[in-house]
Amino acid sequence: MPKNKKETPFDIDVGYLTVTDPNPIEDETYNANLEDHLQSLARDGVQNLLAKLFTLPTDSSPDGPLAQLPPPTTQLPRAKPLPKPKPPTKWELFAKAKGIQKKRRDKKEWDEERQEWVNRWGKDGKNKQLEEQWITEVPLNADPDYDPRKIAKAERKERVAKNEKQKLANIARAQQADSSREERKSEIDRTLAASRISTASMGKFDKKLEGEKKLRGVKRKFDPNERSVEQEKNASLALLSRMESDSKKIRREPAPGENVLNVRKAVRHASKGQGGVALGRQANSKGKKVGKRK
């Protein structure tokens with residue numbers, strides 16, 4: 001093992017393959033030549049780490065002997081925060097307000113008739129005693145179709161359904177507490193998606209972050225080029241119905257006070273079919289001639 005001239009030995013964690021030097025920095029060597037000082041520290045640390053590795057038990061493998069690393073001794077901080085406690089249920093809030101202490105019920109229950117311990121729930125459970133007993137007392141005013149086993153089974157199922165309903169209500173109440181956080185997260189995602197396409201290239205040439213998801217655009221759907229006669233007929237009828245509607249009617253009667261002048265027809269007539277640009281040029285040329293005469 002290499003000799004360590006330092007006052008305090010290196011702290012070596014073989015599990016993480018790390019070496020820590022707790023000694024203070026030597027100002028003379030540090031200021032004289034920083035590169036040589038760092039290389040000397042790294043060399044001493046690696047030599048001590050390798051010396052520790054050669055003392056570990058090894059396993060044979062096709063690539064050669066492999067050292068069995070011990071569990072790490074350095075306590076590292078958590079990568080994620082501690083989980084938040086679950087929100088209390090409705091019963092827990094009521095019990096806390098009333099000072100009721102939770103008492104764990106045993107799985108077994110003493111049966112006075114059998115003089116033995118029986119299951120509280122499940123197979124041969126105490127809760128199914130009325131359903132499974134061979135003789136049952138029937139009230140005098142009971143209906144002729146009265147079945148005590150069937151009624152007991154229905155009541156037990158109602159209790160199970162009630163417990164399940166309360167469980168779902170507690171879950172829904174807990175989710176409502178985190179709904180505001182999810183809404184903020186979705187709002188941030190929408191804002192980020194809008195900012196990515198706000199450039200001139202719609203984000204096509206922008207630098208993308210590592211692991212950034214590709215934005216999904218609107219998928220356009222076109223009708224097939226070859227359609228049946230029935231589809232062509234329906235499309236034509238739909239077009240005619242849109243053209244004849246009051247809001248999109250091509251030919252309609254002018255409203256009272258509406259200008260009935262056809263501007264396009266007037267321009268075409270005045271320019272003798274040459275268009276509005278030619279008519280503007282003619283007007284400019286006439287204005288210049290009048291100015292020269294003055």
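Letter by letter, the sequence shown follows residues 1 to 294 of the UniProt record's numbering.
Yeah, the Cβ is synthetic: ideal placement off N, Cα and C, and Gly gets one too.
I'd like the ranges of any alpha helix (DSSP H) spanning at least 4 consecutive residues and lying wholly in the UniProt region "Disordered" (120-205). 129-132, 148-177, 179-196
Hey, how far is the Cα of K157 from the Cα of K185? Position 157 of the sequence shown, counting from 1, holds the residue named residue 157. Position 185 of the sequence shown, counting from 1, holds the residue named residue 185. If you take the alpha carbons of K157 and K185, they lie about 41 Å apart.
Roughly how many whole angstroms lie between the Cα atoms of M1 and E26? Stepping through the sequence shown from its first residue, residue 1 is reached at position 1. Stepping through the sequence shown from its first residue, residue 26 is reached at position 26. In this prediction, M1 has a pLDDT of 46, which is less than 50 and means its spatial position is unreliable; what the coordinates show is noted afterwards. So the alpha carbons of these two residues sit roughly 23 Å apart.
Contact set for K153: own chain, Cβ-Cβ below 6 Å, skip 5 residues either direction: As a position in the sequence shown, residue 153 is number 153, starting the count at 1. Short of 6 Å from the beta carbon of K153, and not among the five residues preceding or following it, lie these beta carbons of its own chain, in chain order: E131.
According to DSSP, K108 sits in a beta bridge with which residue or residues? In the sequence shown, residue 108 corresponds to position 108, counting from 1. Beta-bridge pairing links K108 to N119.
Relative to the C-alpha of G125, which residue among K107, Q115, E137, W134 is closest? The sequence position of residue 125 within the sequence shown is 125, counting from 1. Measuring from the Cα of G125, the nearest candidate turns out to be K107.
Neighbourhood of residue 377 by C-beta, 7 Å cutoff - its chain only, sequence neighbours within 5 removed: Residue 377 lies beyond the residue range present for the chain, which begins at 1 and ends at 294; the question has no answer from this structure.
Given 8 Å, three or more beta-carbon pairs between the segment 81-92 and the segment 19-38: no
Could you compute how far the alpha carbon of K123 sits from the alpha carbon of L192? Here residue 123 refers to the residue found at position 123 of the sequence shown. Here residue 192 refers to the residue found at position 192 of the sequence shown. Their Cα atoms are separated by approximately 57 Å.
Which residues bound the beta strand (DSSP E) around T18? By 1-based counting over the sequence shown, the position of residue 18 is 18. Element bounds for T18: 18-20.
The beta strand (DSSP E) enclosing D13, as first and last residue numbers: Residue 13 sits at position 13 when you count from the first residue of the sequence shown. 11-13 is the extent of the beta strand (DSSP E) around D13.
Got a sec? Which residues, its chain only, sit under 7 Å from A283 by beta carbon, not counting five neighbours each side? Here residue 283 corresponds to residue number 283 of the sequence shown, with the count starting at 1. Excluding positions up to five away in sequence, the list is empty.
Go to F94, then tell me how far its alpha helix (DSSP H) extends in each direction, as first and last residue. Mapped onto the sequence shown, residue 94 falls at position 94. Start and end: 90-98.
So T58 packs on P65, CB below 8 Å; how close in whole Å? Position 58 of the sequence shown holds residue 58. Position 65 of the sequence shown holds residue 65. That pair is a contact at about 4 Å.
P87 vs A174 beta-carbon contact at 8 Å: Taking the sequence shown and counting its residues from 1, the one referred to as residue 87 is at position 87. Taking the sequence shown and counting its residues from 1, the one referred to as residue 174 is at position 174. Closer than 8 Å, so yes.
Segment limits, alpha helix (DSSP H) that includes N31: As a position in the sequence shown, residue 31 is number 31, starting the count at 1. Run containing N31: 27-32, per the alpha helix (DSSP H) assignment.
Here's the rule: buried if 16 or more other CB atoms are within 10 angstroms of the residue's CB, otherwise exposed. What is K294? The residue you call residue 294 lines up with position 294 of the sequence shown. For K294, the predicted model reports a pLDDT of 47, less than 50, meaning its position is unreliable and no value from the coordinates is stated.
What would DSSP say about A79, mapped onto helix, strand or coil? As a first step, residue 79 must be located in the sequence shown, where it is residue number 79. It is coil, neither helix nor strand.
Own chain partners of L53 with C-beta closer than 6 Å, once the 5 adjacent residues on each side are dropped: Residue mapping note: residue 53 aligns to position 53 of the sequence shown, counting from 1. Counting only Cβ-Cβ distances below 6 Å, and skipping sequence neighbours, we find A67.
Can you tell which of G99, E113, R120 has the C-alpha that lies nearest to the C-alpha of R105? Your numbering for residue 105 matches position 105 in the sequence shown. When C-alpha distances from R105 are compared across G99, E113, R120, the shortest belongs to R120.
Put L239 into one of helix, strand or coil per three-state DSSP. Along the sequence shown, read from residue 1 onward, the residue named residue 239 stands at position 239. In the structure shown, L239 sits in a helix (DSSP, three-state: H, G or I).
Selected residue, minimal CA-CA separation from K167, among L49, E226, T89: Translated into the one-based positions of the sequence shown, residue 167 becomes position 167. It is T89.
Please classify N31 as buried or exposed, where buried requires at least 16 neighbouring CB atoms within 10 angstroms. On the sequence shown, position 31 is the one that residue 31 refers to. It counts as exposed.
As assigned by DSSP and simplified to three states, the class of L69: Here residue 69 corresponds to residue number 69 of the sequence shown, with the count starting at 1. Reduced to three states, the DSSP call for L69 is coil.
If you compare alpha carbons, which of L69, W91, D21 is closest to I171? Here residue 171 refers to the residue found at position 171 when the sequence shown is read from its first residue. Cα-wise, what sits closest to I171 is W91.
Cut-off 6 Å between Cβ atoms - residues of its own chain near D111, not counting five sequence neighbours on either side: On the sequence shown, position 111 is the one that residue 111 refers to. Within the same chain, D111 has close Cβ partners V118.
Quick check on D36: does DSSP put it in helix, strand or coil? In the sequence shown, the residue the question calls residue 36 occupies position 36. Helix, per DSSP.
What is the DSSP secondary structure of D44, counted as helix, strand or coil? On the sequence shown, position 44 is the one that residue 44 refers to. Per DSSP, reduced to three states, the secondary structure at D44 is helical.
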